[in-house]
Amino acid sequence: MKKYRFLLLLFVLGFIYMGCEENDIDVYDETPRLNLYYGNLSVYFRDSDYVKGNVEKEWALRVNLQGYHLTEDKNFCMTVRPNDSYSLKANVSFADSYVFPKDSIYQIFTMNVSRPENLTTTKAYRADVCFDLDNPLHQFDPGREDKEVLPLEVYVIRRNNWNEYQWGEYSDAKYFFMMDHFKATIDDISEGRETQKEIYDAYEEYKKNNPPLLDDKGNEIIFKKVE
486 MKKYRFLLLL FVLGFIYMGC EENDIDVYDE TPRLNLYYGN LSVYFRDSDY VKGNVEKEWA
546 LRVNLQGYHL TEDKNFCMTV RPNDSYSLKA NVSFADSYVF PKDSIYQIFT MNVSRPENLT
606 TTKAYRADVC FDLDNPLHQF DPGREDKEVL PLEVYVIRRN NWNEYQWGEY SDAKYFFMMD
666 HFKATIDDIS EGRETQKEIY DAYEEYKKNN PPLLDDKGNE IIFKKVE
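For what it's worth, the numbering used here labels the leading residue of the sequence shown as 486, then goes sequentially.
Now the structure itself:
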């Protein structure tokens with residue numbers, strides 16, 4: 486009886502072994518590759534950026550290593566993939582190359598996103614950030630297709646807390662003139678007759694050497710005249 490039990494045990498163990506061999510997971514033997522960590526990205530420029538003179542923002546991104554740890558540092562490069570479907574294109578710049586350190590599983594790098602030239606639009610400026618596989622400095626083979634492109638959207642934020650009684654009808658040209666004069670956003674411009682008179686006089690002085698500023702409807706902007 487013990488003999489039959491022993492033979493049965495050998496049979497079961499042999500069956501399990503054969504099953505494991507048939508279902509072994511393949512060992513990863515591909516070359517090192519990189520994948521973008523984020524799926525999409527939005528960058529915002531506000532009126533405070535305009536006052537401070539911030540014409541671009543440095544933005545950090547992450548890339549993940551696919552495969553085994555590197556045995557030595559390798560370089561990778563980034564670029565923007567052309568996309569003719571974007572009517573408003575974001576301006577993005579990168580370093581010539583970035584270093585992915587050995588023994589790391591991910592790396593953080595930075596890119597520069599420029600403030601849109603048209604500060605009055607509420608639509609998004611777009612760009613597709615991707616790996617620059619054609620760059621001779623790039624030392625990685627293509628990674629996953631679903632992780633090779635990062636859609637980027639850049640927005641200019643407009644204010645909605647405008648005091649029409651104080652400043653009159655809103656227009657982008659009027660607000661930017663006020664920010665240029667007061668060196669402040671609407672939050673930090675005091676309201677009252679003194680500031681009303683100050684901005685009125687400043688605009689009248691401006692028009693002595695410059696053409697009138699036009700509002701969003703093509704009419705000259707008007708500041709309230711007070712005594």
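Beta carbons are placed, not taken as given, at the ideal position from N, Cα and C, and that holds for glycine.
Beta-carbon contacts of residue i that lie in its chain and below 8 Å, excluding the five residues immediately before and after
i    : result
F661 : Y535 and L604
R644 : D532, Y660, T670 and I671
R678 : V711
L555 : P517, F585, P586, K587, D588 and S589
L526 : W544, L546, V614, L635, P636, L637 and E638
N707 : Sequence check: residue 707 is Ile here, not Asn. Result list for I707: G653 and E654, in chain order.
H623 : N560, F561, C562, S582, F616 and D617
Residue i versus residue j - alpha carbon distance
i    : j    : result
F561 : T607 : 34 Å
V577 : Y655 : 31 Å
D569 : K709 : 45 Å
V548 : Y591 : 6 Å
K587 : E602 : 40 Å
I593 : V540 : 23 Å
Y523 : P636 : 9 Å
D617 : S572 : 23 Å
D509 : L519 : Here D509 scores only 46 on pLDDT, less than 50, and its place in the model should not be relied on; the value that follows carries that caveat. The straight-line gap from Cα to Cα measures roughly 26 Å.
T595 : A580 : 8 Å
V634 : S675 : 46 Å
L521 : P621 : 20 Å
K668 : Y685 : 16 Å
G538 : V598 : 14 Å
N648 : N704 : 20 Å
P627 : D619 : 11 Å
V528 : E638 : 6 Å
F625 : E543 : 24 Å
S691 : D700 : What sits at residue 691 in the sequence shown is Tyr, not Ser. If you take the alpha carbons of Y691 and D700, they lie about 16 Å apart.
K682 : E689 : 11 Å
D657 : Q651 : 16 Å
M563 : D631 : 16 Å
L694 : N646 : The residue asked about is misnamed: residue 694 is Asn in this sequence, not Leu. One C-alpha to the other measures close to 31 Å.
Three-way DSSP call (helix, strand, coil) for residue i in this model
i    : result
R678 : helix
E683 : helix
F625 : coil
E712 : coil
A669 : coil
D619 : coil
K692 : coil
Per DSSP, cross-strand counterpart(s) of residue i
i    : result
Q651 : Per DSSP, none; premise fails for Q651.
Y591 : N549
A612 : L637
S599 : E541
L699 : E705
Y583 : F561
Cβ shell of residue i (< 7 Å), same chain only, five flanking positions each side left out
i    : result
V584 : D558 and N560
K574 : Y610, R611 and A612
T680 : I674
R566 : D613, C615 and V634
M663 : I674 and I684
T516 : D626
Same chain, Cβ closer than 6 Å to residue i, neighbours up to 5 away in sequence not counted
i    : result
F530 : R600 and V641
A687 : H666
Q551 : R518, N520 and G628
P697 : E705
Cβ of residue i within 9 Å of any chain B Cβ
i    : result
G677 : The displayed structure is made up of one protein chain only, and chain B is not part of it.
Residue i beta carbon near the ligand MG (any heavy atom closer than 8 Å)
i    : result
G677 : As far as ligands go, the structure on display features none, and thus does not contain the ligand MG.
Original post:
At what residue ranges does the region 508-578 contain a whole run of the alpha helix (DSSP H), taking only runs of 4 or more?
Top reply: Counting whole runs of 4 or more residues, the region 508-578 contains the alpha helix (DSSP H) stretches 532-537.
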